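Contents: one structure, followed by commentary.
Chains as they are written, first to last, in full-length UniProt numbering: chain A, 1 to 188; chain B, 1 to 466.
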């Protein structure tokens, strides 16, 4: 018998008595009166920042104002964006501007799964990550988020909250562990 | 590698010799517990979330074979290769087989307690494959040739001075520069090179979704994402208990995991992997290694609900004051102290006694495992299997005799209350109680039983008067 069949047979023999699957929608979860305020307050503690795009400005304007000396910048929000043949080719990206499909108020995460992106390495190699999210695409909790997300990018999708960070040295919080050193969410 | 021959009392005594370090360890970990509480209090539905998580996991375990088969079929539909490993050795052989067939020289790994359990790193290194642990804490302990001392904070036993010294030697950082930001960014630069030159990436798995055939990995550092988005091969190793039925159930578990683990609302990255990156291949190795046996044990199967958040060790008064290296099993603290003895009572039996039975672990556990009750049951097993040190066994037998003979118990108490206050200090100085720097407590005038009888009598008298 294969390892698979042996394992499954032993589980079948040993498994405990059946219990019901609960309905996770039957319980009321927290609601936020001002979702943007909750999101923006939280992300500041997570190595990020959130702004609403001011009238008359473009995303590029906001990014340029924030990082006037930015190096290689790649903007995946435009239809004819730059593309590479190897995921390593994104290694020197300084600013990546990417579309986020959904924002979650309770934990300041943004769902990223872009049907028009080839190599997801850009989200993690870039030094500064800019997530562009439609204003109306905001939910209260992760339960609402999972009801709406789609895995549109080669079977991949991620919730990203702020910067890459670690507290592995004496519990001191340091931004920029392996991924982005800074994160900016722009609601458009 | 983990020293699995340690016995908790002796190892803890050794750890406590450095009082300043022990005090720091205790307070650093307690701080994480407090952050967890602050997060929990922000959600009115916190206790309901724990109940839902418990019930989802309990249901999944009751149909685990069906969900595993469903997961496998859906993963295969996504183009992922699924492997099954009955034990640690089979897991290691499968992983090595995948890597060897593709001439992999360097493997970057993100955090995986399962591969620690299986001893994967030495297995691969002996066969000529360079293994680079990429979680900062895991990298630190790897460079020190140690095992992680905590499942979420692997290097919590170390001070920044020790890490600075290590990085100076291994990465060429400035001698004496102990700044955590400087040290972290030095490791970042070094590990980026490894990510960019690795031939394969291996991750653990936080959740495996039966409905979609995908796996979810949560990190704050982004190391799992870099390790799987650059090299062409992604191997995900998972214990078979990681299954959840549906995608929507992550709406419960992702709300609990980071809040329980580190007191953050969420991890930086909650990544859902269903396919390899374009041009790559993805493998999932499903590992049993004793889990299906635990499933069949009425007393202990609930431990398979664990989502490895570490909240139980952060709250544990014994763990905080003894550190992960005092535990013989690779997973320390309350959850390790039930998983270890379930796996090998002879080797890990002493862990079940590293517990004050205060129950705090069970009260913070996001999936409501009855941890402290399981530890008591393991103690019973250890006693029955005659695995206790002679002194402990004699003590327990004496206690049993006393509790079975109430008159003798009362007499013993009376004698103790009279005798202890007049024992000269020179005789008690070396008792386990006094060695920790404590004075003997003052003896009460009456026993609990006497007090209780007195109060009942008083109450009756009072009611009689009314």
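Positions of the beta carbon are idealized from the N, C-alpha and C atoms, including for glycine.
Note that the structure is a prediction, hence the values are computed from the model and not measured.
(request) Starting from the C-beta of residue 402(B), find all residues in its chain whose C-beta is less than 7 Å away, skip the five residues before and the five after it, and write them out in chain order. (result) By 1-based counting over the second chain, the position of residue 402(B) is 402. These residues qualify, in order along the chain: 408, 409 and 412.
(request) Verify the CB distance criterion: does residue 171(A) have a CB-CB separation below 8 Å to chain B? (result) Within the first chain, the letter at position 171 stands for residue 171(A). Yes, residue 171(A) counts as interfacial toward chain B.
(message) What would DSSP say about residue 165(A), mapped onto helix, strand or coil?
(response) Position 165 of the first chain, counted from the first residue, corresponds to residue 165(A). The answer is strand: DSSP assigns residue 165(A) an E or B state.
(request) Could you check if residue 223(B) is buried or exposed, using at least 16 other CB atoms within 10 Å of its CB as the buried criterion? (result) As a working note, residue 223(B) is residue 223 in the second chain. By the 10 Å Cβ count, residue 223(B) comes out buried.
(request) Flag residue 146(A) as yes if its beta-carbon sits less than 8 Å from any beta-carbon of chain B, otherwise no. (result) In the first chain, residue 146(A) corresponds to position 146, counting from 1. Residue 146(A) counts as touching chain B.
(request) Kindly say whether residue 31(B), judged by its beta-carbon, lies nearer than 8 Å to any beta-carbon of chain A. (result) Sequence index remark: in the second chain, residue 31(B) carries index 31 (1-based). Taking Cβ atoms only, chain A reaches closer than 8 Å to residue 31(B), which makes this a yes.
(request) Flag this pair as yes or no: are the beta carbons of residue 188(B) and residue 70(A) separated by less than 8 Å? (result) The residue you call residue 188(B) lines up with position 188 of the second chain. The residue you call residue 70(A) lines up with position 70 of the first chain. The answer is no: Cβ separation not under 8 Å.
(message) Any C-beta of chain B within less than 8 Å: which residues of the segment 78-102 of chain A qualify?
(response) Under the 8 Å Cβ criterion, the segment 78-102 of chain A contributes 87, 88 and 91.
(message) Distance check for residue 437(B) and residue 91(A), CA to CA, integer angstroms please.
(response) Residue numbering aside, residue 91(A) sits at position 91 when the first chain is read from its first letter. Residue numbering aside, residue 437(B) sits at position 437 when the second chain is read from its first letter. Roughly 56 Å between the two C-alpha positions.
(message) To the nearest angstrom, how far is the alpha carbon of residue 277(B) from that of residue 120(A)?
(response) Your numbering for residue 277(B) matches position 277 in the second chain. Your numbering for residue 120(A) matches position 120 in the first chain. Computed Cα separation, rounded: 8 Å.
(request) Could you say if the segment 154-161 of chain A and the segment 159-167 of chain B meet the contact criterion of at least three C-beta pairs nearer than 8 Å? (result) no
(request) Taking 8 Å as the cut-off, decide whether the C-beta atoms of residue 198(B) and residue 154(B) are in contact. (result) The residue given as residue 198(B) occupies position 198 in the second chain. The residue given as residue 154(B) occupies position 154 in the second chain. Cβ distance not < 8 Å, so residue 198(B) and residue 154(B) don't count as in contact.
(request) Under 8 Å between beta-carbons, which chain A residues line up against residue 78(B)? List them in chain order, please. (result) Taking the second chain and counting its residues from 1, the one referred to as residue 78(B) is at position 78. Against chain A, the beta carbon of residue 78(B) has neighbours under 8 Å at 155, listed in chain order.
(request) Check residue 75(A) in the structure and name its three-state DSSP category. (result) Translated into the one-based positions of the first chain, residue 75(A) becomes position 75. The answer is strand: DSSP assigns residue 75(A) an E or B state.
(message) Run through chain A and tell me which residues come within less than 8 Å of residue 521(B), C-beta to C-beta.
(response) Lying before the first or after the last residue shown, residue 521(B) is absent from chain B, which here runs from 1 to 466.
(message) Beta-carbon within less than 6 Å of residue 324(B)'s beta-carbon, same chain only, minus the 5 sequence neighbours each way: which residues are those?
(response) Taking the second chain and counting its residues from 1, one reaches residue 324(B) at position 324. Cβ neighbours of residue 324(B) beyond the five flanking positions: 149, 150 and 332.
(request) Would you kindly work out how many angstroms separate the C-alpha atoms of residue 448(B) and residue 330(B), rounded to a whole number? (result) The sequence position of residue 448(B) within the second chain is 448, counting from 1. The sequence position of residue 330(B) within the second chain is 330, counting from 1. Rounded to the nearest angstrom, the two C-alpha atoms are 42 Å apart.
(message) So that I know if they touch, is there some Cβ in chain B lying closer than 8 Å to that of residue 11(A)?
(response) Counting from one through the first chain, the residue named residue 11(A) turns up at place 11. With 8 Å as the cut-off, residue 11(A) counts as an interface residue toward chain B.
(message) How far does the beta strand (DSSP E) with residue 287(B) in it extend, from its first residue to its last?
(response) If you number the second chain from 1, residue 287(B) lands on position 287. Element bounds for residue 287(B): 281-287.
(message) Does residue 151(A) come out as helix, strand or coil in the three-state DSSP assignment?
(response) As a position in the first chain, residue 151(A) is number 151, starting the count at 1. Three-state DSSP puts residue 151(A) in coil, outside helix and strand.
(request) Tell me, please, whether the CB atom of residue 199(B) is closer than 8 Å to any CB atom in chain A? (result) On the second chain, position 199 is the one that residue 199(B) refers to. So no, residue 199(B) is outside the interface.
(request) Decide if the segment 96-106 of chain A is in contact with the segment 127-135 of chain A; the criterion is three or more beta carbon pairs, one per stretch, under 8 Å apart. (result) Contact check between the segment 96-106 of chain A and the segment 127-135 of chain A: three or more CB pairs, one atom from each, fall below 8 Å, which counts as touching.
(request) Report, in whole angstroms, the separation of the C-beta atoms of residue 250(B) and residue 184(B), which I expect to be a contact under 8 Å. (result) Locating residue 250(B) in the second chain gives position 250, where the first residue counts as 1. Locating residue 184(B) in the second chain gives position 184, where the first residue counts as 1. Between residue 184(B) and residue 250(B) the Cβ distance is about 29 Å, and since that is not below 8 Å, they are no contact.
(message) With the cut-off set at 8 Å, would you say residue 265(B) and residue 42(A) are in Cβ contact?
(response) Reading the second chain from its first residue, position 265 is the one you call residue 265(B). Reading the first chain from its first residue, position 42 is the one you call residue 42(A). Taking a C-beta distance under 8 Å as the contact criterion, residue 265(B) and residue 42(A) qualify as a contact pair.
(request) Measure the C-alpha to C-alpha separation of residue 188(A) and residue 75(A) and round it to an integer number of angstroms. (result) Here residue 188(A) is taken as the residue at index 188 of the first chain, counted from 1. Here residue 75(A) is taken as the residue at index 75 of the first chain, counted from 1. Their backbone Cα atoms lie some 15 Å apart in a straight line.
(request) Figure out for me which residue from 280(B), 292(B) and 241(B) has the closest Cα to the Cα of residue 78(B). (result) The residue labelled residue 78(B) in the question sits at position 78 within the second chain. Of the listed residues, the one whose Cα sits closest to residue 78(B) is 280(B).
(message) Here's the rule: buried if 16 or more other CB atoms are within 10 angstroms of the residue's CB, otherwise exposed. What is residue 426(B)?
(response) Counting from 1 along the second chain, the entry for residue 426(B) is found at position 426. So residue 426(B) ends up on the exposed side.
(message) Rounded to the nearest angstrom, what separates residue 545(B) and residue 342(B) at their Cα positions?
(response) Summary: the structure shown does not reach residue 545(B), with chain B confined to residues 1 through 466, and so no result is reported for it.
(request) Identify the contact partners of residue 174(A) in chain B, using a Cβ-Cβ distance below 7 Å as the criterion. (result) As a position in the first chain, residue 174(A) is number 174, starting the count at 1. Against residue 174(A), the close residues of chain B are 180, 181 and 184, in the order they occur along the chain (beta-carbon pairs closer than 7 Å).
(request) Please work out which residues of its chain come closer than 7 Å, Cβ to Cβ, to residue 67(A), disregarding the five sequence neighbours upstream and downstream, and give them in chain order. (result) Here the question's residue 67(A) lines up with position 67 in the first chain. Around residue 67(A): 95 and 128.
(request) Say whether chain A places a C-beta atom closer than 8 Å to the C-beta of residue 209(B). (result) Counted from its first residue, the second chain places residue 209(B) at position 209. Not one chain A Cβ lies under 8 Å of residue 209(B).
(request) Return yes when the Cβ of residue 367(B) is within less than 8 Å of the Cβ of residue 53(B), no when it is not. (result) Residue 53(B) sits at position 53 when you count from the first residue of the second chain. Residue 367(B) sits at position 367 when you count from the first residue of the second chain. Against a cut-off of 8 Å, the Cβ pair of residue 367(B) and residue 53(B) comes out as a contact.
(message) Using the three-state DSSP reduction, which class does residue 52(A) fall into: helix, strand or coil?
(response) Numbered from its first residue, the first chain carries residue 52(A) at position 52. Strand.
(request) For residue 17(A), decide whether its Cβ has a neighbour in chain B, counting only Cβ atoms nearer than 8 Å. (result) Within the first chain, the letter at position 17 stands for residue 17(A). Yes, its Cβ sits closer than 8 Å to a Cβ of chain B.
(message) Distance cutoff 8 Å, beta carbons only. Does residue 168(A) sit that close to anything in chain B?
(response) Working through the first chain from its first residue, we reach residue 168(A) at position 168. Yes, residue 168(A) lies at the interface with chain B (some Cβ there is under 8 Å from its Cβ).
(message) Could you tell me the alpha carbon to alpha carbon distance between residue 3(B) and residue 328(B), rounded to whole angstroms?
(response) To locate residue 3(B), count along the second chain from 1; it is residue 3. To locate residue 328(B), count along the second chain from 1; it is residue 328. If I take the Cα positions, the gap works out to 6 Å.
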